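Enquirer: Under my numbering, think of the first position of the sequence shown as 1, with each following residue one higher. All residues carry an ideal CB built from backbone N, CA and C; glycine is no exception. Since the structure is predicted, the reported quantities are computational estimates derived from the model, not experimental observations.
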Amino acid sequence: MGIDPGLRTLGWGIIDVAGVRLSHVANGHCKTTGTDLPLRLLSLFDQLSKVIAEFAPTTAAVEQTFVNRDGAGSLKLGQARGIAVLVPARAGLAVGEYAPNAVKKAVVGVGHADKKQIAHMVRLQLPGVQITGPDAADALAIAICHAHHAQSSGRLQAALARGVA
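1) May I ask you to list the residues that DSSP assigns as paired with S23?
2) Note down the Cα distance separating T9 from L48, rounded to an integer number of angstroms.
3) Does DSSP classify A56 as helix, strand or coil?
4) Give the DSSP-derived three-state secondary structure of D4 in the structure shown.
5) From this set, K50, D16, I14 and L140, which residue's C-alpha is nearest A106's C-alpha?
6) According to the neighbour-count rule (16 or more other Cβ atoms, all chains shown, within 10 Å of its Cβ), is R40 buried or exposed?
7) Would you mind sorting A165 into buried or exposed? The rule is 16 or more other CB atoms within 10 Å of its CB.
8) If you drop the 5 nearest sequence neighbours on each side, which residues of the same chain put their C-beta closer than 6 Å to that of A159?
9) Report, in whole angstroms, the separation of the C-beta atoms of L93 and A60, which I expect to be a contact under 8 Å.
10) Under 7 Å Cβ to Cβ from L156, same chain only, skipping five residues before and after it: list those, please.
11) Look at the alpha carbon of G154 and the alpha carbon of T65, and state the distance between them as a whole number of angstroms.
12) How is the beta strand (DSSP E) around G96 delimited, first residue to last?
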């Protein structure tokens, strides 16, 4: 499962990994309204909890927050990111974290791709996917990045095990 944190819209995407083959399971977004921060965070918590309960992913990945010029905005986004990390951890999932440029590099091949390029490459890697919006596309990209890193790590661990044996 990939999660793209956001306070107004939190994107999520779930893929299945079988060897090197990736396939789309589901994607969507959790939306909040209003200005009351605690209620918006609670809404994200409840919605994301329902997604995890419904689809039962085995691992999760969240995009790291980049700090921008608006300190207050960065802090609020950080709180939404806290929900994005907390909910899967509470469900017992291991949670990976990836910088935005690492996600773009894994999916597009360059670290400074725009949202249209990301969505395009997600569609190429998950044929037939119907993406519910840009936040869900980003979340699927995060899931793909996590899958690639897990595969690389698994190959490294297997190679090390063979070398030790």
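Expert: Once the coordinates are examined:
1) For S23, the beta-bridge partners assigned by DSSP are D16.
2) The alpha-carbon atoms of T9 and L48 are separated by roughly 11 Å.
3) Taken through DSSP and simplified to helix, strand or coil, A56 comes out as coil.
4) DSSP places D4 in the strand class (E or B) of the three-state scheme.
5) Comparing C-alpha distances from A106 to each of K50, D16, I14 and L140 shows the shortest one belongs to L140.
6) R40 comes out buried.
7) Reliability of the predicted coordinates at A165 is poor, the pLDDT of 46 falling under 50, and no value is obtained from them.
8) Any reading at A159 needs caution, since the residue's pLDDT is 44, under 50, leaving its predicted position unreliable; the model's value is listed next. Contacts found: none.
9) A Cβ-Cβ separation of about 5 Å places L93 in contact with A60 under the 8 Å criterion.
10) Here the model assigns L156 a pLDDT of 42, short of 50, so the residue's position is not dependable, and the following value carries that caveat. Once the five neighbours on either side are set aside, L156 has no close Cβ partner at all.
11) Because G154 sits at a pLDDT of 49, beneath the cut-off of 50, its placement in the model cannot be relied upon, and the point is left open.
12) Its beta strand (DSSP E) spans residues A94 to Y98.
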